[in-house]
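K.L.:
Here you go, one structure.
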């Protein structure tokens, strides 16, 4: 650029403060001249190079989890940057790797939790930092639930209805007399029913678990169908009698 001048003091020193810089700048000597008569001038060489370190940046993202699980925060930005974020209680930090990425595992969550960026700083001299904005919420999905009902007594050879209720759309796993797992899906109102086959012995329908998308949990509860034996009867008294007499029929 154009030539500039500065005057050395009585000790032979001078300083200048640069303007705010956003790109590398080189300050190069051109010449030096005496201030007394006769004025003597000589060409000089030498320079000072100011390198600019870009201010670090960072972004934050979060995932969706099931209640009772830990969440994962994902940070991206300037490789090597120290990122400070607020977890709702206090500031926490993560350091981005050479690819500019980092993850952070939250504590166990049972409700949505929001995490906010505070700042990003370089970790090598000169230390450059700037305030960051942005936040991410770990969305917590409630665990599905289910109940079973239908405990009753029926006559041997009859059928009955077992009812399930709970989280709409959930898949309920149950067993019959502790046998292989079976499933039934709750409707949009959170209900489902099944009709038993004709039963001739006491039968227990027991809950095992319930799941919805990627969230599941074990469930307890059962419905007992008690079978009542069918009544029986017999008749006897087949005989031959004289006209005008009576006999006995037995049951």
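Numbering (this note's numbering), first residue to last: 4 to 254. All C-beta atoms in this analysis are idealised placements derived from N, C-alpha and C, irrespective of residue type, glycine included.
So if DSSP puts residue 89 in a beta bridge, which residue, or which two residues, is it bridged to?
P.N.:
Answer is 94, 119.
K.L.:
Would you mind stating whether residue 159 and residue 203 have Cβ atoms separated by less than 8 Å?
P.N.:
Yes, Cβ-Cβ distance for residue 159 and residue 203 is below 8 Å.
K.L.:
Give the secondary structure of residue 204 by DSSP, where H, G and I count as helix, E and B as strand, and everything else as coil.
P.N.:
Coil at residue 204, not helix or strand.
K.L.:
Which residues in the same chain have their Cβ closer than 7 Å to the Cβ of residue 115, if we skip the five residues on either side of it in sequence?
P.N.:
So the list reads 140, 141, 142, 143, once near-sequence residues are dropped.
K.L.:
Whose CA, out of 180, 77, 166, 78, lies closest to the CA of residue 189?
P.N.:
Comparing Cα positions, the closest option is 166.
K.L.:
Is the distance from the Cβ of residue 173 to the Cβ of residue 111 below 8 Å?
P.N.:
For residue 173 and residue 111, no; Cβs fall outside 8 Å.
K.L.:
What residues in its chain sit with their C-beta under 7 Å from that of residue 11, if we drop five residues either side in the sequence?
P.N.:
If we look at residue 11 and ignore the five residues flanking it on each side, its Cβ neighbours are 17.
K.L.:
Any chance you could list the beta strand (DSSP E) runs of at least 3 consecutive residues sitting entirely within the stretch 164 to 216, in chain order?
P.N.:
Runs found: 164 to 169, 174 to 179, 185 to 188, 194 to 198, 206 to 215.
K.L.:
Within this structure, are the beta carbons of residue 226 and residue 154 separated by less than 8 Å?
P.N.:
Yes, the pair counts as a contact, with Cβ atoms nearer than the cut-off.
K.L.:
Report yes if the C-beta distance between residue 77 and residue 106 is below 8 Å; otherwise report no.
P.N.:
Contact: yes.
K.L.:
Name the two residues that bound the continuous beta strand (DSSP E) containing residue 36.
P.N.:
Unbroken beta strand (DSSP E) run through residue 36: 34 to 36.
K.L.:
Is the Cβ-Cβ distance between residue 35 and residue 45 less than 8 Å?
P.N.:
Cβ atoms of residue 35 and residue 45: closer than 8 Å.
K.L.:
CA-CA distance, residue 79 and residue 148?
P.N.:
Cα to Cα, the separation comes out at about 37 Å.
K.L.:
Quick one: what does DSSP say residue 13 is sitting in, helix, strand or coil?
P.N.:
In this structure, residue 13 counts as coil in the three-state DSSP scheme.
K.L.:
Measuring CA to CA, which of 63, 194, 249, 83 is closest to residue 137?
P.N.:
Selected option, being the one with the closest Cα: 63.
K.L.:
Taking the beta strand (DSSP E) that residue 31 belongs to, which residues open and close that run?
P.N.:
Residue 31 -> beta strand (DSSP E) spans 28 to 31.
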